[in-house]
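Here is the structure we will look at, set down as structure tokens.
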Amino acid sequence: MLNLRAKGWGVLAIATLFTVVGCDDRQSDTSVAQSSVKPVEMLSVDGIGPINGSTAFNLHDITMVFQGFNVAQRTNYTEGEEYPVIMVSKELKPLLTINPDAKQAKVFSVMVHDNLIGNGLGHAIGSTFADIYTYGATEECAAGSEELSGKVLCYAPKTGNILYLFGGTWNGPDGSVPPKDVLANWQMEAIIWKPPAK
Numbered sequence: 001m002l003n004l005r006a007k008g009w010g011v012l013a014i015a016t017l018f019t020v021v022g023c024d025d026r027q028s029d030t031s032v033a034q035s036s037v038k039p040v041e042m043l044s045v046d047g048i049g050p051i052n053g054s055t056a057f058n059l060h061d062i063t064m065v066f067q068g069f070n071v072a073q074r075t076n077y078t079e080g081e082e083y084p085v086i087m088v089s090k091e092l093k094p095l096l097t098i099n100p101d102a103k104q105a106k107v108f109s110v111m112v113h114d115n116l117i118g119n120g121l122g123h124a125i126g127s128t129f130a131d132i133y134t135y136g137a138t139e140e141c142a143a144g145s146e147e148l149s150g151k152v153l154c155y156a157p158k159t160g161n162i163l164y165l166f167g168g169t170w171n172g173p174d175g176s177v178p179p180k181d182v183l184a185n186w187q188m189e190a191i192i193w194k195p196p197a198k
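According to the working numbering, the stretch in the sequence shown is residues 1 to 198, in order.
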């Protein structure tokens, strides 16, 4: 079962809010077109380029991986508690949000915001739900909650550690996943990677 209410996913969801809300509406129009641009790094089940579950949550180390990009550590808050995230941007365009584990020692998850980070699974940000999932072969999905209310998170096809964040229009009840015919036209807004379970 897709458990997004665990504390770790809750922190990730809050981090998602700060970065997804900061992206302008033009991103979804241009992201698919940008997929023809050579990616800076590639996302796979194992990580994003050299970033994986054993990578230290360390500003210096992340900066060394993304030389020539803006890399900054920021403080986010959830339920009155603060926690750091590392943001990687190209100029003012967010590329990644890197979240720490509970001890703030290792990378817990990474949110991809732009197609400059390629997806080894072949699905670009801006793709529709119907472009990714064939009828009857949809992975498990869950409705976003709190700051992600109105969004839907679905596992990427045949993975257990990559989630796709979809957004669109629906007038159904809050906290529910829309029917597949409604989801069909929703667009992927971000990709969330978490280290594979050992």
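By construction, the Cβ of each residue, glycine as well, lies at the ideal position given by its N, Cα and C atoms.
Every value quoted in this text rests on a predicted model; they were computed, and no experiment measured them.
Checklist entry - Straight-line CA distance for Gly-160 to Trp-193? => result 10 Å
Checklist entry - So what's Leu-116 in DSSP terms, helix, strand or just coil? => result coil
Item to check | Per-residue DSSP class, three states only, for Phe-108 | outcome: strand
Item to check | Exposed unless 16 or more other CB atoms sit within 10 angstroms - verdict on Ser-109 | outcome: buried
Checklist entry - Taking the C-alpha atoms as reference points, what is the distance between Asp-46 and Pro-195? => result 7 Å
Checklist entry - Taking the continuous beta strand (DSSP E) assigned at Val-71, which residues delimit it? => result 70-78
Checklist entry - By DSSP, does Ile-192 sit in helix, in strand, or in coil? => result strand
Checklist entry - Nearest-angstrom Cα distance between Pro-173 and Gln-67? => result 45 Å
Checklist entry - With 16 other CB atoms within 10 Å as the buried threshold, where does Glu-189 fall? => result buried
Checklist entry - In three-state DSSP terms, what is Glu-146? => result helix
Checklist entry - Where does the unbroken alpha helix (DSSP H) through Thr-134 begin, and where does it stop? => result That residue, Thr-134, is in no alpha helix (DSSP H); it is neither H nor E in DSSP.
Next on the checklist: For Val-152, list the residues DSSP reports as bridge partners.
Outcome noted: Ala-143 and Phe-166
Item to check | Sub-9 Å separation of Ala-56 and Lys-103 beta-carbons | outcome: no
Item to check | CB-CB length for Val-40 against Ile-117, believed under 8 Å | outcome: 6 Å
Next on the checklist: Shorter than 8 Å, the distance from the beta carbon of Ala-130 to the closest heavy atom of the ligand ADP, or not?
Outcome noted: Absence of the ligand ADP from the depicted structure is noted, as is the absence of any ligand whatsoever, leaving it without description.
Item to check | Reduced DSSP category for Leu-43 - H, G, I as helix; E, B as strand; rest coil | outcome: strand
Item to check | Lys-38 in three-state terms, based on DSSP | outcome: coil
Checklist entry - What's the call for Ala-33, buried or exposed, on a 16-neighbour Cβ count within 10 Å? => result Model confidence at Ala-33 stands at a pLDDT of 44, short of 50, so the residue's coordinates are unreliable; what they give is reported in the following sentence. By the 10 Å Cβ count, Ala-33 comes out exposed.
Checklist entry - Going by beta carbon distance, what residues of the same chain come within less than 7 Å of Lys-93, once the five residues before and after it are set aside? => result Asp-114
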